[in-house]
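Position one of the sequence shown corresponds to residue 1 (UniProt numbering), numbered consecutively onward.
One structure is given below, encoded as structure tokens.
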Amino acid sequence: MSTTPNEEEEEVLIHWTDDAIRELVDHGNNKNDDDDDDTEGAFIDPFAVDPHETFDFTFTKNEAVIDIILEGYNADADQVWKSTGLTIWRAAELTCDYLVEHSASLLRNKNRILELGAGLGLCGILAYRLLVLMEEEESEGVAGAEVFLTDGDVEAIVALKHNVSSNTDQQQQSKTKIACKQLLWGKELSETFLQQQNNNEKTDLLIASDIVYSPLVVQPLWETVATLLSEDGQFLFGYCSRRDVKITIEEVLEVAKEYGFEWDCVDDRDGVLVYVFQWKK
Numbered sequence: 001m002s003t004t005p006n007e008e009e010e011e012v013l014i015h016w017t018d019d020a021i022r023e024l025v026d027h028g029n030n031k032n033d034d035d036d037d038d039t040e041g042a043f044i045d046p047f048a049v050d051p052h053e054t055f056d057f058t059f060t061k062n063e064a065v066i067d068i069i070l071e072g073y074n075a076d077a078d079q080v081w082k083s084t085g086l087t088i089w090r091a092a093e094l095t096c097d098y099l100v101e102h103s104a105s106l107l108r109n110k111n112r113i114l115e116l117g118a119g120l121g122l123c124g125i126l127a128y129r130l131l132v133l134m135e136e137e138e139s140e141g142v143a144g145a146e147v148f149l150t151d152g153d154v155e156a157i158v159a160l161k162h163n164v165s166s167n168t169d170q171q172q173q174s175k176t177k178i179a180c181k182q183l184l185w186g187k188e189l190s191e192t193f194l195q196q197q198n199n200n201e202k203t204d205l206l207i208a209s210d211i212v213y214s215p216l217v218v219q220p221l222w223e224t225v226a227t228l229l230s231e232d233g234q235f236l237f238g239y240c241s242r243r244d245v246k247i248t249i250e251e252v253l254e255v256a257k258e259y260g261f262e263w264d265c266v267d268d269r270d271g272v273l274v275y276v277f278q279w280k281k
């Protein structure tokens, strides 16, 4: 696996898990600010079904096969209620299908690719593997790209680093680099991330799927996109309507418009939508 230079330093993580958002919506308090450990003394059922799940994916590009195996939890596990990124949601697969089909236009001549809310890392790992494949095929405009997989949730970061390591260890000699970093959304936090990781150079392609599950995350999301995305950059975004998602895609698009973005809906299947956003010209 090829890593970025600043990947060598141990990152100091901010303690954050996704259930803080649910606590704010449901009860008006931030669970991550509590001093008490809710799990202390909790009863563990020795006969409970193992919540761990292995997710296998196979993608084909120009007769080359890309296998990705991710370790996480099933969607009904308690761990996923706390950290939504610890499983695979439906929009991720359709987003990946579009990424494979349009990899030339999305990835060529892109110096920096970043996945927001990466969770287990499917989309970002696939982007990296596609870049490595294009590099091996000596495609123009792909050598030396940097891929950042980011999440704000500390539990997701642990799983993400494991999955990245296990799915990129065969690409040791690649000029394409990959790294996992914590990124909490919002203008100021994104500006700090940009300074620390990218030397203020913006991102050419942002990728995200299944990251909007509460009205509280929409404004910080678009603040982050507006801060990170380059003038000619693109934002590949997958959305799936679910019972636990308390915001509509129309509301998400309305805020995108307020921040100066335009978009195309490039795929729509069984309630899963894939969009490509860019700055309005």
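Idealized CB from N, CA, C, for every residue including glycine.
What three-state label does DSSP hand residue i in the structure shown?
| i | result |
| --- | --- |
| residue 113 | strand |
| residue 129 | helix |
| residue 269 | strand |
| residue 162 | helix |
| residue 218 | helix |
| residue 241 | coil |
| residue 42 | Residue placement at residue 42 cannot be trusted, given a pLDDT of 41 that sits under 50; what the coordinates show is reported in the next sentence. In this structure, residue 42 counts as coil in the three-state DSSP scheme. |
| residue 73 | strand |
| residue 201 | coil |
| residue 49 | coil |
| residue 124 | helix |
| residue 234 | strand |
| residue 171 | coil |
| residue 78 | helix |
| residue 84 | helix |
| residue 276 | strand |
| residue 257 | helix |
Distance check for residue j and residue i, CA to CA, integer angstroms please.
| i | j | result |
| --- | --- | --- |
| residue 274 | residue 125 | 18 Å |
| residue 94 | residue 269 | 8 Å |
| residue 207 | residue 237 | 6 Å |
| residue 250 | residue 173 | 44 Å |
| residue 37 | residue 136 | Residue placement at residue 37 is flagged as unreliable, the pLDDT there being 44, under the threshold of 50; a coordinate-derived value is accordingly withheld. |
| residue 35 | residue 97 | Bear in mind that a pLDDT of 42 at residue 35, under 50, signals an unreliable position, so the number given afterwards is only what the model happens to contain. Approximately 43 Å, taken between the alpha carbons. |
| residue 290 | residue 231 | The first residue shown for the chain is 1 and the last is 281, placing residue 290 beyond what the model contains. |
| residue 199 | residue 50 | 43 Å |
| residue 70 | residue 56 | 7 Å |
| residue 229 | residue 260 | 12 Å |
| residue 102 | residue 123 | 13 Å |
| residue 248 | residue 262 | 17 Å |
| residue 66 | residue 59 | 5 Å |
| residue 128 | residue 100 | 11 Å |
| residue 195 | residue 201 | 8 Å |
| residue 167 | residue 160 | 11 Å |
| residue 281 | residue 79 | 43 Å |
Nearest to residue i by alpha carbon, out of the options?
| i | options | result |
| --- | --- | --- |
| residue 175 | 147, 242, 66 and 223 | 147 |
| residue 178 | 59, 169, 199 and 186 | 169 |
| residue 240 | 91, 144, 15 and 84 | 91 |
| residue 211 | 272, 65 and 52 | 272 |
| residue 131 | 118, 123 and 145 | 145 |
| residue 12 | 193, 53 and 101 | 193 |
| residue 54 | 227, 162 and 233 | 162 |
| residue 277 | 106, 68, 75 and 15 | 106 |
| residue 63 | 134, 73, 116 and 14 | 134 |
| residue 209 | 115, 171 and 180 | 115 |
For chain C, find out if any of its Cβ atoms is closer than 8 Å to the Cβ of residue i; answer yes or no.
| i | result |
| --- | --- |
| residue 255 | Checking the listed chains, one finds no chain C in this structure; it contains a single protein chain. |
When you compare the CB positions of residue i and residue j, do they come within less than 8 Å of one another, or not?
| i | j | result |
| --- | --- | --- |
| residue 152 | residue 120 | no |
| residue 157 | residue 182 | yes |
| residue 235 | residue 245 | no |
| residue 118 | residue 150 | yes |
| residue 110 | residue 264 | no |
| residue 255 | residue 219 | yes |
| residue 17 | residue 61 | no |
| residue 221 | residue 279 | no |
| residue 190 | residue 21 | no |
| residue 227 | residue 257 | no |
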